[in-house]
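Using our numbering, you'd call the opening residue of the sequence shown number 1 and step up by one each time. Using N, Cα and C, we set each Cβ at its ideal position, and we do this for glycine too. Heads up: the structure comes next, in structure tokens.
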Amino acid sequence: MEKIVLKNGLTVALEKLDFVRSAAIHVFVGCGNSNEDEQNVGMSHFIEHMVFKGTQTQSSRDILQKTDLMGGGINAFTAKEHTCFYARTLDYHVPKMLDIICDMICYPLLSEQDIEVEKGVVLEEIRMYEDTPEELCIDKLNEVCWEKSHLAYNILGTRETVNNFKSEQLREFLKKYYVPERTVISVCGSFDRREVLAVIEKYFSQQPNSKNPIHIKKPVFSGGISLLDRPTEQTHVSFCFEGDSITAEDRYAALIFSTIAGGSQSSRLYLRIREELGLAYNVFSYNSNYRNCGSFSVSAALAPENQHKFLQESLEILGAMRRDITDDEIYRTKEQYKSSLVMSTESVVGISASMGRQLLYNGEYVDVNGIIDKIDSVTKEEILRVSRKTTDPKKIALSVVGTPLKEDRYKEIIENYCLLCEKMVY
Numbered sequence: 001m002e003k004i005v006l007k008n009g010l011t012v013a014l015e016k017l018d019f020v021r022s023a024a025i026h027v028f029v030g031c032g033n034s035n036e037d038e039q040n041v042g043m044s045h046f047i048e049h050m051v052f053k054g055t056q057t058q059s060s061r062d063i064l065q066k067t068d069l070m071g072g073g074i075n076a077f078t079a080k081e082h083t084c085f086y087a088r089t090l091d092y093h094v095p096k097m098l099d100i101i102c103d104m105i106c107y108p109l110l111s112e113q114d115i116e117v118e119k120g121v122v123l124e125e126i127r128m129y130e131d132t133p134e135e136l137c138i139d140k141l142n143e144v145c146w147e148k149s150h151l152a153y154n155i156l157g158t159r160e161t162v163n164n165f166k167s168e169q170l171r172e173f174l175k176k177y178y179v180p181e182r183t184v185i186s187v188c189g190s191f192d193r194r195e196v197l198a199v200i201e202k203y204f205s206q207q208p209n210s211k212n213p214i215h216i217k218k219p220v221f222s223g224g225i226s227l228l229d230r231p232t233e234q235t236h237v238s239f240c241f242e243g244d245s246i247t248a249e250d251r252y253a254a255l256i257f258s259t260i261a262g263g264s265q266s267s268r269l270y271l272r273i274r275e276e277l278g279l280a281y282n283v284f285s286y287n288s289n290y291r292n293c294g295s296f297s298v299s300a301a302l303a304p305e306n307q308h309k310f311l312q313e314s315l316e317i318l319g320a321m322r323r324d325i326t327d328d329e330i331y332r333t334k335e336q337y338k339s340s341l342v343m344s345t346e347s348v349v350g351i352s353a354s355m356g357r358q359l360l361y362n363g364e365y366v367d368v369n370g371i372i373d374k375i376d377s378v379t380k381e382e383i384l385r386v387s388r389k390t391t392d393p394k395k396i397a398l399s400v401v402g403t404p405l406k407e408d409r410y411k412e413i414i415e416n417y418c419l420l421c422e423k424m425v426y
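Structure, rendered in structure tokens:
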């Protein structure tokens, strides 16, 4: 990978592949919920929508028709701490596609008329989210475990904040956060290096460094219980512990631990909860890693009468993992992760996304071979140490959406888990 940093702080990552005829483009901007407060929550996501509504030189229809003509497509997503715009197209269309993306980001029209129209779209997106209990359950989990921080905010915002957005507010937000030192542009595949850099220079070289680098106050993991009664066929249950940041030294050990716990069909949670007890169609664990914090979570959807058993069994499994993880589990998980990693990075999209994300968060890029070396070097002792830190009974949060039990029942389960951990001899 070739890394280029412009004088104003914008970072460019280029990876040429001679055996493909297409390229992927990603533009990562360090802007998300982390830059919002209770009055403007959802603004990052709303701006992500608005840049597609047209620029000073092309309408939204122009953008859509041009991208269709090139046989590619542009899309975007907003996360807690960044926004990403991405596209894929044939090699000879790369400069045109990149030009469209840069124009959208640098010169969005943001007319009041378009804003009013897009409010309706986002409000429908909020309604869709509220009708999706598994997403609602995870969002409620974030609210209780990251109380009073950007991680507690819903990416979409609220009806009130969205309805209050005005063009002037959006422009001020863009001016403050869509700046060179918060931006990484990555391109992977077949492309002309000179043409790509010319487009980037055209749009960004004259922009000054705003002296507003990414700085995020570390949230405090507060823990707690959230219960939401909703008329659903299944009850959705998610619980989490405090985990590691995206740059933590233990992140590879944490990844292996999470996969052994519930990240595959041979994981302990899957084999016990689904295969042996039949409590849920699916159960899974995962790490949510942010710039300076993180969490380890377990989620499942099941019949209301099975949730008590599910929580008891799941916590017993995690408790046992504080004391012992087998060599066979570690070997199998390492091989599984290396296989999925290699397969994901055998696409221009996977490589481009990985380059952009790593440079935004770490300032450096570790390729697939480097990551494999790090995975292979993780020891059993490191995984056990992470398992004890990551399943700390004093740092747990729980969310239930559907037909919850009385709160005391959940507190009792958590207290029993605390006693279990206290009695363990390591």
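* To do: Measure how close the beta-carbons of K80 and S34 come, nearest whole angstrom, since I'm counting them as under 8 Å.
  => Sequence index remark: in the sequence shown, residue 80 carries index 80 (1-based). Sequence index remark: in the sequence shown, residue 34 carries index 34 (1-based). The beta-carbon distance between K80 and S34, rounded to whole angstroms, is 6 Å. This is short enough to meet the 8 Å contact definition.
* Asked: What does a CB cutoff of less than 7 Å around I375 pick up in its chain, not counting 5 residues either side in sequence?
  -> Reading the sequence shown from its first residue, position 375 is the one you call residue 375. For I375, same chain residues with a beta-carbon under 7 Å away, outside a window of 5 residues either side, are Y252, K334, Y337 and K338 in chain order.
* Would you mind sorting T379 into buried or exposed? The rule is 16 or more other CB atoms within 10 Å of its CB. => Numbered from its first residue, the sequence shown carries residue 379 at position 379. Exposed, because fewer than 16 other Cβ atoms sit within 10 Å of the Cβ of T379.
* Can you list the beta strand (DSSP E) stretches of 3 or more residues lying completely in the stretch 229–295, in chain order? -> Correct list: 235–242 and 280–289.
* H308 - DSSP class collapsed to helix/strand/coil -> Against the sequence shown, residue 308 aligns to sequence position 308. If DSSP states are grouped into helix, strand and coil, H308 belongs with the helices.
* Asked: How many angstroms separate the CA atom of N164 from the CA atom of D250?
  -> Looking up residue 164 in the sequence shown gives position 164. Looking up residue 250 in the sequence shown gives position 250. Using only the alpha carbons, I get a separation of about 42 Å.
* Between C241 and S186, which are expected to be in contact by the criterion C-beta below 8 Å, what is the C-beta distance as a whole number of angstroms? -> Looking up residue 241 in the sequence shown gives position 241. Looking up residue 186 in the sequence shown gives position 186. A quick correction: the sequence has Phe, not Cys, at residue 241. 32 Å between Cβ atoms; not a contact.
* Asked: Are at least three pairs of beta-carbons, each pair with one atom in the stretch 120–130 and one in the stretch 81–100, less than 8 Å apart?
  -> Taking 8 Å as the limit for Cβ pairs, the verdict is that the stretch 81–100 does not touch the stretch 120–130.
* Does the Cβ of N306 have 16 or more other Cβ atoms within 10 Å, making it buried, or fewer, making it exposed? -> Stepping through the sequence shown from its first residue, residue 306 is reached at position 306. Residue burial annotation: N306 is buried, with at least 16 other C-beta atoms found within 10 angstroms of its C-beta.
* Asked: Using the beta-carbon count (16 or more within 10 Å), is Y477 buried or exposed?
  -> In the structure displayed, the chain extends from 1 to 426; residue 477 sits before or after that span and is not available.
* To the nearest whole angstrom, what separates the beta carbons of S268 and F28, a pair I think is in contact under 8 Å? -> Working through the sequence shown from its first residue, we reach residue 268 at position 268. Working through the sequence shown from its first residue, we reach residue 28 at position 28. Checking the displayed sequence, the identity of residue 268 turns out to be Arg instead of Ser. In fact, because the Cβ distance is near 35 Å, the residues do not count as touching under 8 Å.
* Asked: Between the C-alpha atoms of L398 and L277, what's the straight-line distance to the nearest angstrom?
  -> The residue given as residue 398 occupies position 398 in the sequence shown. The residue given as residue 277 occupies position 277 in the sequence shown. When rounded, the separation of the alpha-carbon atoms in L398 and L277 is 22 Å.
* Where A353 and M343 are concerned, what is the direct C-alpha to C-alpha distance, given to the nearest angstrom? -> For the purposes of this step, residue 353 is taken as residue 353 along the sequence shown, with counting starting at 1. For the purposes of this step, residue 343 is taken as residue 343 along the sequence shown, with counting starting at 1. Approximately 14 Å, taken between the alpha carbons.
* **the stretch 133–144 in contact with the stretch 224–243 per 3-pair CB rule at 8 Å** => These segments touch.
* To do: Might you give, ordered along the chain, the residues of its own chain that have their beta carbon closer than 6 Å to the beta carbon of A301, omitting 5 neighbours on each side?
  => Within the sequence shown, residue 301 is the residue found at index 301, counting from 1. Contacts found: Q234 and H236.
* With respect to the alpha helix (DSSP H) encompassing F204, which residues constitute its N-terminal and C-terminal limits? -> Counting from one through the sequence shown, the residue named residue 204 turns up at place 204. Annotation for F204: the continuous alpha helix (DSSP H) segment containing it runs R193 to F204.
* Quick one: grab the DSSP three-state call for C31. => Translated into positions along the sequence shown, residue 31 becomes position 31. Of the three classes helix, strand and coil, the one that applies to C31 here is coil, per DSSP.
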